[in-house]
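Protein sequence lines, in the order shown, are assigned to chains S, R and Z. Going by our numbering, the first residue of the first sequence is number 1, and it counts up by one from there. Going by our numbering, the first residue of the second sequence is number 1001, and it counts up by one from there. Going by our numbering, the first residue of the third sequence is number 2001, and it counts up by one from there. For every residue, glycine included, the Cβ atom is placed at its ideal position computed from N, Cα and C. These figures come from a predicted structure and were not determined experimentally.
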Amino acid sequence: MRLACPFCGERDASEFTYLGDAAPVRPDAADGDARALHDSFHDYVYLRDNVAGVMREWWYHSGGCRVWLTVERDTRTHEIHTVEPAPGATAAVKAGRGER
Amino acid sequence: MATTQTHRLAEGGIVDRMKPLSFTFDGATHTGYVGDTLASALIANGVRLVGRSFKYHRPRGILTAGSEEPNALAELRSGARREANSRMTTTELYDGLEAASQNRWPSLKRDLLAINQLGAPFFVAGFYYKTFMWPARFWEAVYEPMIRRAAGLGDTAKLPDPDHYEKAWAHCDVLVAGAGPAGISAALAAGRAGARVILAEEDFIAGGRLLSDDAVIGGMSGAEWLAGALAELAAMDNVRLMLRSAVFGAYDGGTYGVVERVNDHMPTPPAHEPRQRLWRVVAKRCIVAMGAIERPVAFANNDRPGVMMASAARTYLGRFGAVPGRRIALFTNNSDGWKTVDAALNAGIEIAAVIDARDELPTEYLARGRAGGFRVLHGVVGDVTGGRGGISKAKVALKDGGTAVVEADCLAVSGGWNPAVGLTCNQRGRPVWRDDIAAFVPGDCPAGMTVAGAANGDFSLSDCLAGGHEAGVEAAGATGHARKAGQAARAGTDTYALTALWHVSGKGKAFVDQQNDVTVADIRLADTEGFSSVEHLKRYTTLGMATDQGKTSNVNGLAIMAGISGRTISETGTTIYRPPYVPVAIGTFAGHHRGENFQPVRLTPSHRWAAARGAAFVDVGAWKRAQWYPLPGEKTWLESVNREVLAVRNGVGFCDVSTLGKIDVMGPDAGAFLDRVYINTFSTLAVGKARYGLMLREDGLVMDDGTTARLAEDHYFMTTTTANAALVMQHLEFCRQVLWPELDVQLASATDQWAQFSIAGPKTREVLRDILDPSEDISNEAFPFMGAGEVHLRGADFTARLFRISFSGELAFEISVPRGFGEALAENLMRVGGPLGITPYGTEALGVMRLEKGHAAGAELNGTTTAGDLGLGRMMSAKKDYIGRVMAGREALIDPGRQVLVGLKPVAKSGRLFSGGHVFAKGAQPGPDTDDGYVTSVGFSPVFGQYLGLGLVARGRERIGEIVTVRDPLRNTACDCEIAGPAFYDPDGGRQRG
Amino acid sequence: MAAQRGSQRAGGMNPKYSVFALVKHAFGGHRGWQRTWRDASPKDHYDVVIIGGGGHGLATAWFLASEFGITNVAVVEKGWIGGGNAGRNTTIIRSNYLLPGNTGFYELSMKLWERMEQDLNYNTMVSQRGIINLFHSDGQRDAFARRGNQMRIHGIDAELLDAVQLRRMAPFLDFDNARFPIQGGLFQRRGGTARHDAVVWGYAHAASELGVDIIQNCAVTGFCREGDRIAGVETTRGKIGAGKVGMAVAGSSSLLAAMAGFRLPIESHVLQAFVSEGIKPLLPGVITFGAGHFYVSQSDKGGLVFGGDIDGYNSYAQRGNLPVVEDVCEGGMAILPMIGRIRLLRSWGGIMDMSMDGSPIIDFSPVDGLYLNAGWCYGGFKATPASGLTFAHLIARDEPHGEAARFRLDRFARGAMIDEKGAGAQPNLH
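Printed below as a string of structure tokens:
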């Protein structure tokens, strides 16, 4: 499997570390009462759609630029559709180059 | 060298008769030529019996001339280089080659295990599932050892493999798998068009069937065309021909596995060269041109030596000038098989008869028989006779109902051709059945893959050349290369006509999978018992699971099953073709990653210095850390460690702690960021101060801990544990890039930038004063406990960092210098500290002192403990959100009955505790229900003069003072201990603040 | 318990398998054998429908029939029985688990393995040749000591071997030149292997004898409901009514759960396994390499059967990639440098139902009438008999079996995870 890192180019997947489904969003800790917060964090931490098909997921270029990437990949075929940097990734790369 | 080659033609073939080679088979010396395979050389020497079958120990000869060979397997080489199951048909002959037959005792000719043939009626498919069940314990004691000894094939080396393997990456536009006519044609076209091409060929010569079969291409002989084509390829810089290189797997993203047998044709690899090389070829496009495999027909005793594939007979005659039989009969169900007749007649070999099984036998074939002086029989071979030395007769059942007997010493068989679809199915595409050629052709191929030539079911030479060319042009175009590719070479067309024939009924064992001894009757039994699906058939009978991976048996087996179970072949389907297409040595996949090079080593800045002092080292993750520093006269490691501990407690010592993860956290929001990742608050930390921090995973359990200092308003310097350095970095990057991109904060890993030493003990300041620039004030007032800042060293022009933190519990500083100065600092510390008795200490002493202080470390941060378990619950800020806060509040994680960190002090001073022991209330009957926890860490404390432990004990903090029993049934010990607060030593911390 | 019931044969159609039957049939050219299990067509209604004709599903059916007297049972399988993970594993059986909940459960399983052939009248080749977990550091030794003591406290056999003892037992390991020198091992003599396909066929055989319908090529496409309760399954072979439905579908668990309207703490990952060419006996038992990612045994047929970690990314593809192949072979060469010239013959990939704490779930589902058996991670094969017994218990009695009482779905909400590796809620690290 090969991922086209937007910063480093196309690399073998063994350079990357996998985290999983990018769909779950960390709940805002200010939301709701303790019970609701407990439930929403439980879902966030533990429950997964476990998609059979195209899934947006988190990959980390641990053997490269250390950027987190969202990858659209088909879990049935391993076909990669898109690779995008995480929202805060561009700043990380710029900082690495001494830019702000 | 006297020739032993009784079955070698005087001329012809591409072996080099000027270069004889000597080799042995089962101890007998034979000769062959450069260009031979072991199989062709054995044939040239008149050797027919080469092996014994797996189950029945039936005598077997050479069936094929390629990697599909089921029978001709040998133990190659000897000693540590002995390789079991080496296919003679793909083993390139070299001078001095040693080969031995397998699976026989005491000898190939007189194999006593052939007695299994008498039990054959009993040893049907799956017989072992129905017996060997009583009495129960006899399986391991009697039955299984017997089966294990009888099973297996060859014997392998029992010594470490002395050879080297390596791995490499290659990138290209077009990978062409197979250098037969289609592959060469494809490579020519793609190469001319300008694409970067890799042409990989399993054989040691390119050419495929052109090496064996006569052909006319573009008015030239096949050999002439081949030479020209190879010369043209060699002249193209953008084309690389890799011989002895089999493409074995198609993986995701256009990555292909290729095994290059770099030096298997040498007795041993030359110095500094690998035996084999694993290539990971990344190709934008792949053209599979791996040809087709001729398939046998199952009839009674079709496994006898002398029965050979028709194309293999041609190969031995045409390519090697080796004579598989003096009087050859051909049994074919298709027109292609007839090529063997011409090849034999051209070589001056007698044709005994042709048995043609097609429904209609065109009259032209009868004419060929008359011209060649042999009989053409319209029918099928039903049986052969002849012993282990080879067949003598074939019994023929004629279409008209009559019978005939043909006397021959070799029966060439062609049941048609199966395209080599394996690679095309590696990503679980299924091949498609084509009735006209009665064969499976590639179906859905992996992305970027096309198929050309016989692999695609296009069997004629002209179609191979044209199909290869077209695929080459297309692949080059798809990768942006459109220069002129010229025309495909032309050859005469021949038509391929066959009548499908899978087996001939009759008495006697008719083998489908020769290596695993699977017969037509076994397939019938499988159907009877309900194992009719191809997956069940395979698993129940072991059809196709031998080292040949069913290359000559899978399709026949499922076709026979289709017939028996009344389904079409298409309905019956195939099993899944998985990589590797040819078996690949485990060593090749491992490459250099073995022995000491299994994984990389990380060395601390003071490693060389420590090694010179004779330090013992311990593996901590990838790091080698000094474990202790023995001095002359010390008899045990404990003696050394005790000395190191006492030196720190009473004087001064130092320890390289550079392995701790170090991360610079910078930016206006650095404090806010740390507040969200640590359970405690860092935004309020004053510049010039350090603080112990604990971080949780989002599930509320402890992830890591460490000390983080604030060096400037917008600059924190974080340390992590050695074990979790990379994980924490990844976690922080996730938090920053994904969870909170709005925060203006940046991270940089600095683990390898700094050499960091802990200097500890009451005399630490005296040492430091000699190290630091005299202007630096490290008095308790100017540099109090948990102070941090930049400092300068005497005579040094770099900036160092100093942290007043203590793991040992003594007055201690950690000093960081740029990594390159680490070794010099160690030397300097020894020099200036010498008069004070400064003592370098290792991880053991470090561990003992942290245990005496009751600090949690790796054994306690084991991924199942909470902050509260470690006694750090009060650090959890209630004023802010942080990672893990919500989930840490779950009921089971705040249960008062949880096992929490305590000290365990043996009641008897001589009491011996072990880590891993379990804790029980004194007097409690040990069992799952009374288990109160376990010991996480143990060390001998020279200060207390006894072993001390830390443990996680249920309600431990409420039980301080209670006597419990630590039981260790593994080591048969029990030790009464007093539960104590985790800090045994200086619990108030006065010493580290002094 | 099950042994006695299991031997009460419900007038089956097959003669009992034995050496005598084999000899008798040999005289008849083996034409007289019956099907190993009846190939059933679905009836309209069953007391229990089990989805998934793997080892767990078939074992559940057999225990329902033999232990709990529920014989009106169907096992529906979308392909051929044993075509999923039951036939794609490294066949290891062991009960060397660390944490409460797992230790007792896997030991129950081991006890059931030890009498399986007699229970089922089928030779599943349970072979207790021993399993060694190597350790390479004091920390690993301490963790194994804790685990071995846990086993001993549960009455399970375990021995802590030092390097000298280990060298005597396994002299072929690389003690001398290793990157991570071997210091010893945790040894369970009763560990070993079993013939995976035979386990499937044996349960199918014995369950079928007791009246269980085994329905192949029957994929579940939805659930039928009566009110809030599951009342059957929609399949490619029509609707099948059921009093209760149990699912034991490993890597497909989330897909079926989605049909029923809930989500699971599970991800599906690919785990590759490998077999070498057959060779004469080389390795006596099972060896697992603590500092790398490698476990190996040698099958009775002679092949080295080995594996390592999952590939690490979600996958339903039943195939993996080269980096893990290399990683596993590197692990092999690190401890057994004599295997360098042995050739890898086949690789395959199974879809592992990786749970969020690495331990299984045997519980009621959120939907009434539907029962869950999922989350087996690497442990599915060795769990087969205990999974069958405890799942059957849950379905038959509507209460968890004592040895599976901690495998509850709500343990994540309660914070009562059973996390052997301490890796947290990241399935690819388990």
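Which residue's Cα is closest to the Cα of residue i: the options?
| i | options | result |
| --- | --- | --- |
| R:Asp1336 | R:Pro1762, R:Ser1460, R:Ala1352 | R:Ser1460 |
| R:Gly1415 | R:Gly1402, R:Leu1543, R:Ala1438, R:Ala1408 | R:Ala1438 |
| R:Ala988 | R:Thr1604, R:Gly1621, R:Ile1805 | No statement about residue 988 of chain R is possible, as the shown extent of chain R runs from 1001 to 1994 and does not include it. |
| Z:Ser2365 | Z:Ser2252, Z:Asp2357, Z:Met2247 | Z:Met2247 |
| R:Gln1670 | R:Ala1187, R:Gln1746, R:Lys1507 | In the sequence as presented, Gln is not what sits at residue 1670 of chain R; that position holds Ala. The shortest C-alpha separation from R:Ala1670 is found at R:Gln1746. |
| R:Val1953 | R:Gln1899, R:Gly1981, R:Ser1937 | R:Gln1899 |
| Z:Val2275 | Z:Leu2282, Z:Phe2068, Z:Pro2284, Z:Gly2302 | Z:Gly2302 |
| R:Gly1587 | Z:Cys2377, Z:Arg2343, Z:Arg2397 | Z:Arg2343 |
Is residue i near residue j, with beta carbons less than 7 Å apart?
| i | j | result |
| --- | --- | --- |
| Z:Ser2315 | S:Thr75 | yes |
| R:Glu1358 | R:Thr1499 | One detail in the question is off: residue 1358 of chain R reads as Arg in this sequence, not Glu. Yes; because the gap between Cβ atoms is below 7 Å, this pair is in contact. |
| R:Gly1154 | R:Asn1085 | yes |
| R:Arg1280 | R:Thr1479 | no |
| R:Ala1283 | R:Leu1423 | no |
| Z:Lys2244 | Z:Ile2395 | yes |
| R:Leu1893 | Z:Gly2415 | yes |
| R:Asp1409 | R:Lys1395 | no |
| R:Glu1260 | R:Arg1277 | yes |
Buried or exposed for residue i, going by 16 or more other Cβ atoms inside 10 Å?
| i | result |
| --- | --- |
| S:Tyr18 | buried |
| R:Pro1135 | exposed |
| R:Trp1105 | exposed |
| R:His1272 | exposed |
| Z:Arg2009 | Only weak support exists for where Z:Arg2009 lies, its pLDDT of 40 falling under 50; the coordinates are left without a value. |
| R:Phe1944 | exposed |
| Z:Gln2034 | exposed |
| R:Lys1922 | exposed |
| Z:Asn2373 | buried |
Among the residues of its own chain, which have a CB less than 7 Å from the CB of residue i, if the five just before and after it don't count?
| i | result |
| --- | --- |
| R:Thr1029 | Ser1022 |
| Z:Ser2007 | Residue confidence is low: Z:Ser2007 scores 36 on pLDDT, short of 50, so the model does not pin down where it sits. No coordinate-derived value is stated. |
| Z:Gly2104 | His2154, Glu2403 |
Looking only at its own chain, which residues have a Cβ that is under 6 Å from the Cβ of residue i, when we skip the five neighbours before and after it?
| i | result |
| --- | --- |
| R:Tyr1882 | Arg1676, Ile1679 |
| R:Ile1217 | Trp1225, Ala1489, Ala1491 |
| R:Thr1839 | Glu1644, Ala1647, Gly1653 |
| R:Gly1046 | Thr1006, His1007 |
| Z:Thr2288 | Asn2133, Tyr2295 |
Sorted by chain position, which residues of the same chain lie with C-beta nearer than 8 Å to residue i's C-beta, five sequence neighbours on each side aside?
| i | result |
| --- | --- |
| Z:Arg2152 | Ala2158 |
| R:Arg1052 | Arg1058, Pro1059, Arg1060, Ser1101, Gln1102, Asn1103, Arg1104, Leu1108, Asp1111, Leu1113, Ala1114 |
| Z:Gly2308 | Gln2272, Gly2292, His2293, Phe2294, Tyr2295, Val2324, Asp2327, Val2328, Gly2331 |
| R:Arg1769 | Ile1778 |
| Z:Ser2109 | Ile2093, Ser2095, Lys2382, Ala2383, Thr2384, Pro2385, Ala2386, Ser2387 |
Unbroken stretches of the alpha helix (DSSP H), 4 residues or longer, contained in the stretch 1623–1698 of chain R | 1637–1650, 1670–1677
Fully enclosed by the stretch 1344–1432 of chain R, which alpha helix (DSSP H) runs are 4 residues long or longer?
-> 1363–1372
Beta strand (DSSP E) runs wholly inside the stretch 2129–2186 of chain Z, at least 3 long, in chain order | 2131–2135, 2159–2162
Completely contained beta strand (DSSP E) runs for the stretch 1734–1798 of chain R, where each covers 3 or more residues | 1746–1749, 1754–1760, 1788–1792
Would you list, in sequence order, the uninterrupted alpha helix (DSSP H) runs of no fewer than 4 residues that lie entirely inside the stretch 1839–1902 of chain R?
-> 1843–1853
Going along the chain, which residues of the stretch 1144–1167 of chain R sit with their C-beta nearer than 8 Å to a C-beta in chain A?
-> No chain A appears in the structure shown, which is made up of the protein chains S, R and Z.
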